[in-house]
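Number of protein chains: 2
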Amino acid sequence: MPKDVPELLKGTLDLLILKTLEAGPMHGYAIARSIEQATERALQIEEGSLYPALYRMTNRGLLEFEWGRSTGNRRIKSYRLTPNGRKRLKSEQANWCRFTQAVARVLGEQPA
Amino acid sequence: MPKDVPELLKGTLDLLILKTLEAGPMHGYAIARSIEQATERALQIEEGSLYPALYRMTNRGLLEFEWGRSTGNRRIKSYRLTPNGRKRLKSEQANWCRFTQAVARVLGEQPA
DNA sequence: GTCATATACTTAGACGTTCTATGTATGACC
DNA sequence: GGTCATACATAGAACGTCTAAGTATATGAC
Chain V
14 MPKDVPELLK
24 GTLDLLILKT
34 LEAGPMHGYA
44 IARSIEQATE
54 RALQIEEGSL
64 YPALYRMTNR
74 GLLEFEWGRS
84 TGNRRIKSYR
94 LTPNGRKRLK
104 SEQANWCRFT
114 QAVARVLGEQ
124 PA
Chain R
14 MPKDVPELLK
24 GTLDLLILKT
34 LEAGPMHGYA
44 IARSIEQATE
54 RALQIEEGSL
64 YPALYRMTNR
74 GLLEFEWGRS
84 TGNRRIKSYR
94 LTPNGRKRLK
104 SEQANWCRFT
114 QAVARVLGEQ
124 PA
């Protein structure tokens, strides 16, 4: 979401969240931090994008959550992948690969 | 735009158009065909996305066009890059690289 | 003890891009 | 004359993200 990566996040945020949760349950705020850290701040996840995305994905049966407490004793919603979420992760990751390879072909790079 | 590459195109269509026009002037319909062919149909550019994008980019000074005739003697708008369009192509291509590398890090692939 | 800061979640409204769907017009071919 | 591919146009909806505001609580500094 930084100014230099304008619209590119669209359609990719779900994939990033799914992939981050593959490692194990995590709460929303921690998901955003994890992605930011993994990308060395190249991707920054706004809360106004993050939480709506978590709702969407929960409503679609990709995630479930339970209320809990963080190590700092705060109320958190601990999210985890559902079986459907896992399937979706696989398919979205495959789509992402196909898409980036297609773009790479237009950009004139060597195909993978 | 095929169902399996749902939102991913967002923010990337401009880059694809700019890159396609780097090779030389082309009209809208041909741009779409060129991208589809280069990606072996992996990316399909809808006319309802294409023409609004061309207007946007023209209004922003990235493209200019002149009316002409195709080899089949049809009226066409022949688009070409402006100097600003060339600059934009460079920066968008750089953004795209940074973005895909960031996503790759989250997905656990080897960085480039 | 109170103030600033980081954590953690929520949500309304705006924005921009893409898609669906439809329309026009023309040339080529049978 | 009918069908198909070419070529451009555009209204309206759908969707995801962002801006910006809000609530609440724990921690550490002073």
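Protein chains in written order, with the working numbering: chain V, 14 to 125; chain R, 14 to 125.
C-beta: ideal position from N, C-alpha, C; glycine also.
Since residue i sits in a beta bridge, which residues does DSSP pair it with?
| i | result |
| --- | --- |
| residue 89 (chain R) | R:81 |
| residue 102 (chain R) | DSSP output for residue 102 (chain R) lists no bridge partner at all. |
| residue 22 (chain V) | For residue 22 (chain V), which the question treats as bridged, DSSP gives no partner whatsoever. |
| residue 76 (chain R) | R:94 |
Hey, quick one: how far does the alpha helix (DSSP H) through residue i stretch, first residue to last?
| i | result |
| --- | --- |
| residue 49 (chain R) | 41-51 |
Can you tell me whether DSSP reads residue i as helix, strand or coil?
| i | result |
| --- | --- |
| residue 67 (chain R) | helix |
| residue 16 (chain R) | Because residue 16 (chain R) carries a pLDDT of 39, less than 50, the predicted location of this residue cannot be relied on, and the following value inherits that uncertainty. Correct three-state label for residue 16 (chain R): coil. |
| residue 56 (chain R) | coil |
| residue 122 (chain R) | coil |
| residue 117 (chain R) | helix |
| residue 107 (chain V) | helix |
| residue 37 (chain V) | coil |
According to the neighbour-count rule (16 or more other Cβ atoms, all chains shown, within 10 Å of its Cβ), is residue i buried or exposed?
| i | result |
| --- | --- |
| residue 17 (chain R) | For residue 17 (chain R), the predicted structure reports a pLDDT of 47, less than 50, and the residue's modelled location is therefore unreliable. The matter cannot be settled from this model. |
| residue 122 (chain R) | exposed |
| residue 83 (chain V) | exposed |
| residue 68 (chain R) | exposed |
| residue 104 (chain V) | exposed |
Give the interface partners of residue i over in chain V, defined as CB-CB distance under 9 Å, in chain order.
| i | result |
| --- | --- |
| residue 31 (chain R) | Those within 9 Å of residue 31 (chain R) in chain V number zero; the least Cβ separation is about 10 Å. |
| residue 81 (chain R) | Within chain V, no residue comes near residue 81 (chain R); the closest Cβ sits about 24 Å away, beyond 9 Å. |
Which residues of chain R have a Cβ atom closer than 8 Å to the Cβ of residue i, listed in chain order?
| i | result |
| --- | --- |
| residue 106 (chain V) | 120 |
| residue 48 (chain V) | 119 |
Taking Cβ-Cβ distances shorter than 7 Å, what residues in chain R pair up with residue i?
| i | result |
| --- | --- |
| residue 115 (chain V) | 52, 55 and 56 |
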